[in-house]
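Worksheet: the structure to be examined is printed underneath.
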Amino acid sequence: MRVGRSRWRIENETFNTLKNQGYNFGHNYGHGNNNLCSVLTMLMLLAFLIDQVQNLCDGLRKKVREKLGPWYAVFEKTRGLFQMIVWDSWQQMYELILEPETHPPPNWFGMEIVIKR
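Per the numbering used here, residue 185 is the first one in the sequence shown, and the count goes up by one each step.
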C-alpha cells in the first residue's frame, strides 16, 4: 500500500509540475504529427531531467528559486536576462539575480549595461 501511494504521489507531482510549472506539457506541439509530438515530448522530458539534476546539485540555483518563488518566475527571469546580456556562466547570472548591488552584469562589447530595478 505504501509503495503504491508513494509511486502515485511521485507520478502526480511530476505530471503536475510538467503541466503547471512552466513546461506546458499539456500543449500538443505536433498538431497531429506523431513523430514530431514524440520528439518534442522527449526534449521536454530531457529539459525536466536537467532541471531536476540542477535542483539537487546547485545550491545557488536553490537560492534563486527561494527568492523568486515558483519555477515559471525563475524561467521568465532567466529568459529575460538571456535576451539582454551575454553571460560568461550561469553562476554569474544567478549571483546578479540574488544580489544585484554587489554583482553587476558583465560588459558586452565594452558597453556598460544597467538593469533597472
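For glycine and all other residues, C-beta sits at the position ideal for the given N, C-alpha and C.
query: Do the stretch 236–246 and the stretch 278–293 touch if we need at least three Cβ pairs shorter than 8 Å?
result: yes
field: Coil, strand or helix - Tyr207 by DSSP
entry: In this structure, Tyr207 counts as coil in the three-state DSSP scheme.
- prompt: Could you give the distance in angstroms between the alpha-carbon of Leu265 and the alpha-carbon of Asn219?
  reply: 33 Å
message: Here's the rule I'm using: 16 or more other beta-carbon atoms within 10 Å means buried, otherwise exposed. How should Val258 be labelled?
response: buried
Euclidean distance between Cα positions of Gly188 and Thr201: 20 Å
field: C-alpha gap between Asn208 and Gln236, whole angstroms
entry: 16 Å
query: Just curious, the alpha helix (DSSP H) that Thr262 is in, first and last residue?
result: Trp255 to Met268
- request: Within the same chain, show all residues whose beta-carbon is closer than 7 Å to that of Phe232, passing over the 5 residues directly before and after it, in chain order.
  value: Leu202 and Tyr207
query: Grouping DSSP H, G and I as helix and E and B as strand, with all else coil, what is Asp272?
result: coil
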